[in-house]
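Counting in our numbering, the sequence shown runs from 19 upward without gaps. Just so you know, even glycine gets a beta-carbon here, dropped at the ideal spot from N, CA and C. To start, the structure itself, in structure tokens.
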Amino acid sequence: MTDQSHLSKNLRRQPKQERGKERVEKILDAAAAVFDEVGYNAATTHQIAAKAGTAIGSVYQFFADKAAIFNAMELRHVERVKQFWAHINTPEIVQLPLRPMIHALISSAVELFEQPVSRVVFVQFYTARDMFQSIDDSMTQEAIDFLANILQQRNSSLGQAQCDLLAEVCVHSSNALILKALHTSDQEHRQRLTQQIEDLLVSYLEPHVGNDRATNVMKVMICPHCQSERLSKNGRRRGKQCYLCKDCGKQFVQSLASA
């Protein structure tokens with residue numbers, strides 16, 4: 019499913035050429051910038067057209083009003099979130115050691131919210147929910163279900179109720195910190211908050227789906243640098259088995275391979 023699939027159903031006129039699709043993208047990004055600068059209520063379609071560098075008539079070719087523009091932003095965000103989930107929910111990521119797996123998840127989320135449309139939609143959801151037409155609390159529940167499934171894959175001995183509870187705590191606490199980070203203009207502080215999300219999730223989940231608990235991860239010894247399974251023993255160091263990766267050529271000890 020591409021970015022255009024649900025969005026196309028919401029447009030007054032469907033862009034047939036690449037230039038038209040690019041114009042729609044510019045309008046959405048411009049709307050996100052205007053909503054961010056002056057607020058949704060004060061924003062006008064003329065301001066959005068000016069920010070997009072296009073005529074007001076071009077805006078009305080695709081959107082009836084600013085409510086339609088915002089609804090298109092909602093649909094764009096939903097598509098991107100689903101792409102984000104699909105990217106994370108793969109054996110290559112799910113079976114990583116816990117911290118690299120959480121790092122991949124948080125990094126993808128940061129990349130998602132670097133896009134103006136997703137950033138504004140996320141912030142608005144927690145500040146002006148009554149303006150939403152397509153997104154409601156069911157999307158948060160989908161995020162909880164998604165993470166619960168990841169946790170179940172990492173430790174099949176966990177019950178469904180426990181996975182759901184762990185995921186619920188992770189999603190709500192992460193969303194609160196992401197919201198705080200997005201409201202922070204200090205880029206360095208935003209990065210520190212993002213790092214704290216990663217540390218928080220790793221510490222919280224370690225007893226439940228840490229690497230000594232994650233049955234899928236422990237089935238195969240993997241290189242912590244490139245995740246290759248092509249390893250050879252390379253002596254011992256302080257009583258621990260050393261390994262050499264045949265693909266990346268890096269060495270590591272057994273505790274690192276299973277940590």
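Per DSSP, the unbroken beta strand (DSSP E) holding Tyr261 starts and ends at 258–263. Apart from sequence neighbours up to five positions away, the residues of its chain that approach Ile106 with a beta-carbon distance below 7 Å are Ala122, Leu123, Ser126, ordered along the chain. Classified as exposed, Arg255 has fewer than 16 neighbouring CB atoms from the shown chains inside 10 Å of its CB.
Annotated as proximal: Asn89 and Gln151, with beta-carbon spacing under 7 Å.
If you look at Leu249, you'll find it in the beta strand (DSSP E) that goes 249–255. For Gln269, there is no enclosing alpha helix (DSSP H); the enclosing beta strand (DSSP E) covers residues 269–271. For Arg210, the enclosing alpha helix (DSSP H) has its first and last residue at 205–227.
The Cβ-Cβ distance between Val141 and Leu183 does not fall below 7 Å. The region 33–72 is shown to contain whole alpha helix (DSSP H) runs of 4 or more residues at 36–56, 63–70, in chain order. Rounded to the nearest angstrom, the Cβ distance from Ile87 to Leu46 is 7 Å, consistent with a contact under 8 Å. In the DSSP assignment, Phe80 falls within the unbroken alpha helix (DSSP H) covering 74–80.
Apart from the 5 residues on each side of it in sequence, Asp54 sits with its Cβ closer than 6 Å to the Cβ of Val138 in its chain, given in chain order. Secondary structure of Ser174 (DSSP, three-state): coil.
Counting along the chain, Glu132 sits inside no alpha helix (DSSP H), nor does DSSP assign it H or E at all. DSSP places Met149 in no alpha helix (DSSP H); its state is neither H nor E.
Taking a C-beta distance under 7 Å as the contact criterion, Leu219 and Ile111 do not qualify as a contact pair.
With respect to the 7 Å criterion, Arg248 and Lys268 are not classified as neighbours on the basis of their beta carbons. Only residues of its own chain outside the window of five on either side were considered, and among them Cys260 have a CB closer than 7 Å to the CB of Gly253, listed in chain order. The criterion of a C-beta distance shorter than 7 Å is satisfied by Ile162 and Val189. Within the same chain, and ignoring the five residues on either side of Asp83 in sequence, the residues whose Cβ sits closer than 8 Å to its Cβ are Thr63.
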